[in-house]
Amino acid sequence: MSAIAGMSESIQPDQNDIDDSAKLISSAYQQVNHGINETFHYEVDKKNADFQGVFYNERNREFLAMDANGILQVKPQSPNKPIQRIAHYPKYEYSLLSQLIYYRQYNIYFALNKQSALLVLNRFFEEMVPVTFEQRNVLAMIFDKSRDQLITNGAYGTKFWVFQPKTEKHLMLGKAMSNYELKLIEHLEDLGGSWVKYVDIDYNHDHLYYCSETDVRCYSLSGFDRAKLLFKLDDCHRMEITGCLFSNSQQLLVTSSMDTEVKLWNTKHGFLTSFLGHSQGITGMYFYPGDESRIITASLDGSVRLWSLALQECQMTVQALHSDPVIWSGMAHQRLMFVASTRQFALLHINYLPVYWSECRSQATRLSLVGTSGGICGATPQKSTRLLALCEDSSVRLYSRRDGRLLSSLLTPPDVSPLDRVLDVCHSRATGLTFVLLDGDRLWELAKSQRASDYYQGGAGGGQNSAPRCLRLALLRSHVIRWTLSSLALECPLAEELLLLGLSDGRVLFLDPTAPAGKLHLQLQAHRGPVTRLAWDEPHECLLTGTENKGVLTLAVWNLPHLQLMSEIRLPDDCCSLTRCASALVSGHASGHVIRT
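The working numbering applies: residue 353 is where the sequence shown begins, and numbers increase by one.
Printed below as a string of structure tokens:
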């Protein structure tokens, strides 16, 4: 579109040109994946042993799978051999290890063997520290990344370990990291109980969660309150607890169990609600990457579910491993999640999903941003931009764009029939007035006090059949000067805003919204047909009007303040949305096409 002052340029391609342009497929686009998609899948051959555990190495971005014969390395990004064996167990010894935790700083592993003893392995999976009595009978362990400590729990209580260089002189054994030792720094006998099988850490609040068969206990890890019991939940599940997370954004404690339930708790008032959906036990629960208001659960029914804590409902379900149960799972790098059974391993990409922002309580049919840029004369103070939502129940809601808080709910007057359809709505931030157009004959002005007055009657000044109908509304904050045939300039007064009405006879009325009954300043004959599109393009200082006829949408671009026709554009009438991109107009259509004019 070229803007030539004082001249009118018409861009009017025929219908065949429109159809041909709609068939063009652009190569300059980027597709944003939605949901949870599988990116890698591996199935164990029948001749190979089953998996007995899968864990993640964050330094090398690889996955370690244990079987009866040793340890396998899984590198999905490797094009040649994504899976290879990197460690073998000694002859006639099988299933030696049951759990691995990777320590990135020293590139070592903490492991539990089949006798529930704590081992320290170097990067070659060689045992570095001899097993002592304190390292036996370990049921659960977790690594505290904030303090570089290993926390274990077992039959003899809770123990805190650090991995450090040996202080005394020692004999080099020729093994990597052989000059280091695992030192016990603290032993708490009465912390958590003796049959705790799951331990987790809340780094935001510095809390330690102990989960036994049916109970949850929370202890403090910081300062003088270290090892102090903060709260406990007794008999919160019917079977073994497999997950415990605290959502800082929602201030809720979330627990999962083998009884197929996910439960929400308030630490002061107790149980709130439960999520039902899995048909078998839940084996893992994690926060959605970068969002603590949503959680991801993996279950023995083979599914991975995404739950919203704010909406308290399931947002997505994916059958991850076909018919196999998900026994091991975890979060990895770049929004990846791994799931595994005894015979299958898969990587799932956790793509971006809509984030819960606020509650509308009725289906929103239209959303727009409303603000002020100083008014026509620049006297209006700058105000924050708000979100305007038009709902299916004909209500108008205003939200704070900063935090999604509902600021105001404007309802139509009680004498308006529920069958009347809202055609358009606009809100003035300068005056605080909201204008609602009902069925083309009535325009209501709703103030914050919800006092409604019959602002504009389409039938005023003529019979009901001869009166034009109002089809569109818009607000204009700009000077408007209209040249008449006698070359006299008619300029609107310096009002804060102008209310624009698009009529069925092709006219656009410019009204003062603050004057009683809407004082008419001027009118513009924009089209011969009804005005079905009306918008003010503030960044480009122009007025956009449109009309539809015989399957073609004709758009007219008027410059401001002189209201001179700059160009006309013809598009298919299935246009859903419009936007300006530099000097081009980009339109989206119901057919799925995007047209750039």
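Just so it is clear, CB atoms sit at the ideal spot from N, CA and C, and this is done for glycine as well.
Counted as a single uninterrupted DSSP element, the beta strand (DSSP E) harbouring GLN516 occupies residues 509-517. Between the alpha carbons of SER626 and PHE697 lies a gap of roughly 29 Å. Every candidate alpha helix (DSSP H) stretch fails here, since none sits fully inside the stretch 820-906 while reaching 4 residues. The beta-bridge partner set that DSSP reports for ASP419 consists of PHE403.
Under the DSSP definition of a beta bridge, GLN696 partners with GLU395. Distance from the CA atom of TYR532 to the CA atom of GLY622, rounded to whole angstroms, is 45 Å.
Scanning the stretch 535-584 from its first residue to its last, no whole alpha helix (DSSP H) run of 4-plus residues comes out.
In the assembly as shown, ASN505 is a buried residue. Its beta-carbon has 16 or more other beta-carbons within 10 Å. In the three-state reduction of the DSSP assignment, PHE485 falls in the helix class. For ALA936 and GLY944, the gap between their C-alpha atoms comes out near 19 Å. Residue LEU616 holds the alpha-carbon nearest to the alpha-carbon of PHE598 among ASP793, LEU616, ASP611.
In the DSSP assignment, the residues bridged to ALA463 are LEU452, LEU471. The continuous beta strand (DSSP E) containing PRO924 extends over residues 917-924. Three or more beta-carbon pairs separated by less than 8 Å are not found between the stretch 756-769 and the stretch 818-831, which leaves the two stretches without contact.
In the displayed model, MET637 falls within a strand according to three-state DSSP.
In the three-state reduction of the DSSP assignment, TYR458 falls in the coil class, being assigned neither a helical nor a strand state. By alpha-carbon distance to THR931, the top candidate from PRO913, GLN916, LEU907 is LEU907.
Taking the Cα of ASP653 as reference, the smallest distance to any Cα among ALA492, SER645, ASP554, THR635 is reached at THR635. In the DSSP assignment, the residues bridged to TYR751 are LEU739, LEU758. Around the Cβ of ALA942, a 10 Å sphere holds fewer than 16 other Cβ atoms; the residue is exposed. Shown here, HIS941 sits in a strand according to DSSP, grouped into three states.
Burial of GLY405 is indicated by the presence of at least 16 other C-beta atoms within 10 angstroms of its C-beta.
When rounded, the separation of the alpha-carbon atoms in MET418 and VAL426 is 11 Å. Within the DSSP secondary-structure output, CYS933 pairs in a beta bridge with ALA936. DSSP places ALA439 in the uninterrupted beta strand (DSSP E) bounded by 435-440. Assignment of THR612 by DSSP, reduced to helix, strand and coil, places it in the coil class. With a beta-carbon spacing of about 27 Å, LEU739 and LEU771 fall beyond the 8 Å limit used to define contacts. Straight-line spacing of the CA atoms in MET591 and ASP745 works out to 45 Å.
Per DSSP, ASN505 is one residue of the beta strand (DSSP E) stretching across 501-506. With fewer than 16 neighbouring CB atoms inside 10 Å of its own CB, ARG713 falls in the exposed class.
As a beta-bridge residue in DSSP terms, HIS701 pairs with ASN389, LEU688. Using a Cβ distance threshold of 9 Å, LEU448 and ASN465 count as a contacting pair. Within the DSSP bridge table, the entry for LEU912 names no partner. If you ignore the 5 residues before and after TRP709, its C-beta comes within less than 7 Å of the C-beta of GLY756, all in its own chain and listed in chain order.
DSSP places ALA492 in the uninterrupted beta strand (DSSP E) bounded by 490-496.
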